[in-house]
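K.L.:
Just so you know, we're using the working numbering here: the sequence shown kicks off at 6 and counts up by one. Starting off with a structure, shown below.
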Amino acid sequence: STGTSGSFSGLPEYQLNLNVSLLLKDILEQHGYQVVMTRTDNDTAISNKERAELVASQGAEICVRVHANGDDSSSVSGALTMCPSQQNPYVSSLYDSSNRLSQCIIDSYCAATGFQNRGIIYTDTMTGINWSTIPVTIVEMGFMTNQQDDLNMADSAYRQKMVEGIVSGVNEYYQQ
């Protein structure tokens, strides 16, 4: 899906997500990780269920979904991660590892970027989480409806900081 778009930059979320994900792939590979991408262009359209199945079928150990947020109020800002709750009827067994992955990434991401840390949201209604068979997190990098978040995320130099924060979080997850 297309998602939101930058209220100030005009950048579509799907393009921001792809730009960040491609950079993230490069940096993770430089750190020695093998990366499975669910898309490398804007022409690939597979469902969230198919994305979860693809990642697991390729032997991935974790799934980091990259997104940007939006809100009715332009004053709402910051970053957050999402993962299954302890009571998730489908993947409650992934709670501990997904929660740890989510915490590592959001803390490192916000430390690297200066974005407000909005913490972890626990959700049991997202197909991208509920079909996962491996630890999973959704990174909501910032609010495209907030001027400062939007302009930061649209800036290529700033995206480097964003990616470095996510990589630091992945590294921390594996070090614990």
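Backbone N, C-alpha and C fix where the C-beta goes; we use that ideal spot for every residue, glycine too.
#1: Counting only the same chain and skipping the five closest in sequence on each side, list residues whose C-beta sits under 6 Å from that of S107.
#2: Taking only three categories from DSSP, how would you classify S80?
#3: Who are the Cβ neighbours of Y163 in its own chain at under 7 Å, not counting the five residues just before and after it?
#4: Count the CB pairs spanning the region 163 to 180 and the region 108 to 128 that are closer than 8 Å, and state whether there are at least three.
#5: According to DSSP, which residues form a beta bridge with N74?
#6: Taking the runs of the alpha helix (DSSP H) that are 4 residues or longer, which of them lie wholly in the region 92 to 133?
#7: For the alpha helix (DSSP H) containing Y178, name the first residue and the last one.
#8: Are the region 22 to 35 and the region 48 to 67 in contact at 8 Å, needing three or more beta carbon pairs?
#9: Counting along the chain, where does the alpha helix (DSSP H) carrying N24 start and finish?
#10: So is T118 buried or exposed if we call it buried at 16+ other beta carbons inside 10 Å?
#11: Taking its Cβ as the centre, do 16 or more other Cβ atoms sit within 10 Å of S98, making it buried, or is it exposed?
#12: Looking at S161: is its Cβ nearer than 7 Å to the Cβ of D129?
#13: Ordered along the chain, which non-local residues of its own chain (more than five positions away) have a Cβ less than 6 Å from that of R70?
#14: At what residues does the alpha helix (DSSP H) containing A57 begin and finish?
#15: Excluding sequence positions up to five away, which residues of its chain have a Cβ less than 6 Å from the Cβ of C68?
#16: Look up M87 in the DSSP assignment and say whether it is helix, strand or coil.
P.N.:
Checking against the coordinates, here is how it stands:
#1: T86, C88, I125 and T142
#2: coil
#3: N157
#4: yes
#5: F148
#6: Complete alpha helix (DSSP H) runs here, min 4: 100 to 118.
#7: Note, Y178: alpha helix (DSSP H), S161 to Q180.
#8: The answer is no - the region 48 to 67 does not touch the region 22 to 35, with fewer than three Cβ pairs under 8 Å.
#9: N24 -> alpha helix (DSSP H) spans E18 to Q35.
#10: buried
#11: exposed
#12: no
#13: G133 and I143
#14: N53 to S62
#15: V60, S137, I139 and V141
#16: strand
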